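Numbering (the working numbering), first residue to last: 105 to 176.
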């Protein structure tokens with residue numbers, strides 16, 4: 105299973121925010137933001153910070169999807 109953060113990016117659009125706003129409000133590094141943009145794994149501490157700033161639950165910003173490698 106792979107992680108997908110499409111819901112996070114949609115939520116930022118809905119809240120009229122850009123990635124830089126999220127980075128500054130959460131204190132995340134640019135490398136962590138890069139991982140999120142590439143749908144790579146980040147720690148639950150990071151997810152918790154994002155959820156706190158956006159006032160949402162984990163399922164509101166991420167989901168698990170079938171990895172293309174697993175389908176083959």
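For every residue, glycine included, the Cβ atom is placed at its ideal position computed from N, Cα and C. Treat the numbers as computed from the prediction; the structure is a model and nothing was measured.
The three-state secondary structure of residue 167, taken from DSSP, is strand.
Going by beta carbons, residue 112 and residue 150 fall outside the 8 Å limit.
Residue pairing by DSSP puts residue 108 in a beta bridge opposite 167.
The C-alpha of residue 105 is placed about 25 Å away from the C-alpha of residue 133.
For residue 161 against residue 107, the beta-carbon gap comes to about 15 Å, at or over 8 Å, which does not count as contact.
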